[in-house]
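Protein chains in written order, with this note's numbering: chain U, 26 to 123; chain V, 65 to 299. Ideal Cβ positions, reconstructed from N, Cα and C, are used throughout, including at glycine. Note sheet for the following structure.
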Amino acid sequence: MSLRPDVLLAFFCMALATYAARAGGYAVLRLWRPPRFVEAMLTHMPGCIFVSFILPSVAAGGPWHVLAASVAVVMMVFTRMLTASLLAGVAALWIMLG
Amino acid sequence: MSASSPVTFTWAGFYDGLRLVLPLLPSFAPFGMVVGVLSAGEGLSLLEAGLMSAMVFAGTSQLVALGAWGSPVPILAVTLAVFVINMRMAPMSAALAPWFNGLRGWRLWASLFTVTDHSFALSVNEMRRGKRDAALLLGLGVPSWLSWVAMVCLGHVLAGVVTLRPGHPLLFAGLATMCALLVTLWRGRGDILPWGVAGAAGLTVQAVGLGQPWPVLAGALIGSAAGAWRDRSRA
């Protein structure tokens with residue numbers, strides 16, 4: 026069970042960078058009272074983050090990934106069951122990739 | 065978002081978080097195991113693989129960092145890569161500000177550490193429903209963190225036995241989870257414009273050859289700006 030100093034230093038830097046990214050958005054708001062336009066943006070932020078993360082990733086996977094993602098979305102719209110929907114998406118991709 | 069009622073921090077809120085996140089944990093197992101297998105492949109010890117996951121707690125960025133790993137470790141390169149990938153979390157903590165504003169000290173520092181893609185979607189939904197108990201974040205975060213570290217360690221131990229290569233359908237579980245969570249974020253027709261603009265911006269940025277996090281940062285900013293602009297011209 027080794028723990029090398031250069032590896033540990035790398036972990037510290039990675040952890041610090043990640044925490045800075047996590048806390049950074051909130052820290053900025055704490056220091057600076059945002060204009061109303063920015064406040065309105067924040068209410069739209071959650072959906073927009075997810076859409077613009079998912080779409081490019083799924084599109085990069087090709088048409089089968091797009092179809093499997095659609096299966097997960099449709100399943101969620103109709104059943105509202107998270108676990109069933111993600112399983113349906115994975116199963117669809119597995120079947121299509123053979 | 066009502067700023068009227070004060071933010072609380074109770075065990076009831078913590079248990080609500082547990083209830084929401086427990087059914088989701090299995091969907092992150094394949095991803096954690098892949099990170100464990102890869103870290104074994106890069107020569108990390110079990111202790112090192114577990115420590116990295118406990119300290120960083122951000123799967124995609126760990127995957128990318130391992131891709132740039134070497135001996136000696138290119139510290140600057142992996143740190144920059146991790147920061148860039150995780151920049152998408154900054155707007156998440158900003159959107160959760162109404163809860164963070166009610167927290168001080170260790171509660172604030174620890175809750176900020178729990179911000180991840182899935183815990184963000186789950187908690188922002190509860191916030192929109194008017195919940196004011198910020199301990200929900202730790203209820204989501206603690207089991208996620210424990211299972212993430214456990215799954216990476218399991219992958220490290222099983223490296224060589226299991227072959228879960230990149231591209232395996234099981235790895236789609238993470239994206240499929242985000243697709244299902246996206247459905248829960250839908251508030252009605254008013255979301256069509258900002259979501260459409262966000263998706264188009266993300267695809268465009270990727271099409272010109274920029275990888276994550278640039279598509280998500282561009283999409284989040286341009287899409288939500290489109291929504292805010294539309295709201296203002298309506299009012």
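Taking a Cβ-Cβ cut-off of 7 Å, the neighbours of D295/V in chain U comprise A65, given in sequence order.
Contact between A97/U and L111/U is confirmed by a C-beta separation of about 6 Å, below the 8 Å threshold. Distance check between L33/U and each of G219/V, P94/V and L115/V places L115/V closest, using alpha-carbon atoms only. Close partners of P81/U in chain V (Cβ separation under 7 Å): G266, L267, Q270 and P279. In this structure, DSSP gives A113/U a helical state, which the three-state scheme calls helix. An exposed status is given to L56/U, since fewer than 16 other beta-carbon atoms sit within 10 Å of its beta-carbon. With a beta-carbon spacing of about 7 Å, A76/V and D197/V fall inside the 8 Å limit used to define contacts. Distances from the alpha-carbon of S82/U to those of V269/V, L285/V, G291/V and R294/V put V269/V closest. Residue-level contact by beta carbon fails for A174/V and chain U, as no gap is shorter than 8 Å. When only Cα atoms are considered, R253/V and L67/U end up about 18 Å apart. Against chain V, a Cβ distance below 9 Å from L28/U picks out S109, L111, E112 and L115.
DSSP places R196/V outside any alpha helix (DSSP H), giving it a letter other than H or E. A residue is called buried once 16 or more other Cβ atoms fall within 10 Å of its Cβ, and R152/V is buried on that count. DSSP places T72/V in the strand class (E or B) of the three-state scheme.
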